[in-house]
Amino acid sequence: MSDRDDGGVRRLGRAWFGRDAPVVAAELLGKLIVHELPAGDGGRAAGRIVEVEAYTEDDPASHTHRGRTPRTEVMFGPPAHLYVYLSYGIHACANVVTGPDGDGQAVLLRAVVPVEGVEAMRARRGGRGDRALADGPGKLTQALGIELRHDGHDLAGEGSTLSILDDGVDPPTTPVVGPRVGITRATSTPWRFRVPSG
DNA sequence: AAAGAGATGGTCT
DNA sequence: GACCATCTCTTTT
């Protein structure tokens, strides 16, 4: 279920991600996403996940709903990989692939709270105010230095520079659950989860 | 505080 | 050629 254990912090492994997207989505709240960047790029950047959305194959709003395409191969692949796509021709949006290999499921990361490397995040975000640093799917990728080239990156791979950590902060017992946003189909499916008051 | 619109490019029909 | 899993800036209450 997890790799390693240094000081109560565990890196989530492939099996953890190999469950259905709505389940993984709810449990991702409170976890840390960490990007080990070169010192010249500000070093370690980390954010606490506070908002996510689940997408499955059996879901008209999902990129995988109409079957496999070159773009969605990663999402149909094994869990714990990153599916990064270009949104509106401008923004990189990051998903964590979930479910068994062959299933087209993923969880979109919609918002994180900056935890480490905040100065570098500000720089990458063009010096924007702290609240606007990573409170959107396109903003958090820019803040964390996640780009299109990370599409297919294995979060559970040995020595991966990107990973998701459980540092003992539990998901909220009563997350805010509601409809997903920015989509035109299946808008009533309540697969958006966020930490209250975030 | 809210509403409107432009930017910008891959993907699929 | 239409459609976006968005963000930012400008204009209007």
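Here numbering that gives the first Met the number 0 is used: the first residue of the first sequence is 0, the next is one more, and so on. Beta carbons: idealized from backbone N, C-alpha and C, even for Gly.
Residue interval of the alpha helix (DSSP H) (run including residue i)
i, result
"Arg-43", "Run containing Arg-43: none in the alpha helix (DSSP H); it sits in the beta strand (DSSP E), 43-54."
"Val-73", "72-75"
"Ala-142", "136-143"
N-terminal and C-terminal residue of the beta strand (DSSP E) that residue i is part of
i, result
"Leu-11", "8-11"
"His-64", "Looking at the DSSP string, His-64 is not in any beta strand (DSSP E), and its letter there is neither H nor E."
For residue i, the nearest candidate out of the options (CA to CA)
i, options, result
"Ile-32", "Arg-184, Leu-85, Ala-79, Ser-187", "Ala-79"
"Gly-156", "Gly-6, Val-8, Phe-16, Gly-88", "Phe-16"
"Leu-143", "Glu-52, Pro-77, Val-117, Glu-50", "Val-117"
"Arg-109", "Phe-192, Val-23, Arg-13, Leu-11", "Phe-192"
"Leu-28", "Asp-166, Leu-81, Val-83", "Asp-166"
"Asp-40", "Gln-141, Ala-105, Ala-14, Glu-72", "Gln-141"
"Ala-199", "Ser-196, Pro-189, Pro-195, Val-194", "Missing from the structure shown is residue 199; the chain here goes from 0 to 197 and no further."
"Thr-173", "Thr-186, Val-194, Gly-181, Val-180", "Val-194"
"His-149", "Arg-179, Asp-129, Val-83", "Val-83"
"Leu-85", "Gly-158, Val-168, Ala-185, Lys-138", "Lys-138"
"Gly-158", "Gly-6, Ala-20, Leu-36, Val-95", "Leu-36"
Reduced DSSP category for residue i - H, G, I as helix; E, B as strand; rest coil
i, result
"Pro-113", "strand"
"Arg-123", "helix"
"Arg-179", "coil"
"Val-83", "strand"
"Asp-153", "strand"
"Leu-107", "strand"
"Gly-39", "helix"
"Ala-24", "helix"
"Glu-118", "helix"
"Leu-132", "coil"
"Arg-184", "coil"
"Arg-148", "helix"
Bridge partners - residue i, DSSP secondary structure assignment
i, result
"Leu-164", "Arg-10, Leu-31"
"Phe-192", "Val-51, Val-176"
"His-90", "Ser-86"
"Val-96", "Ala-105"
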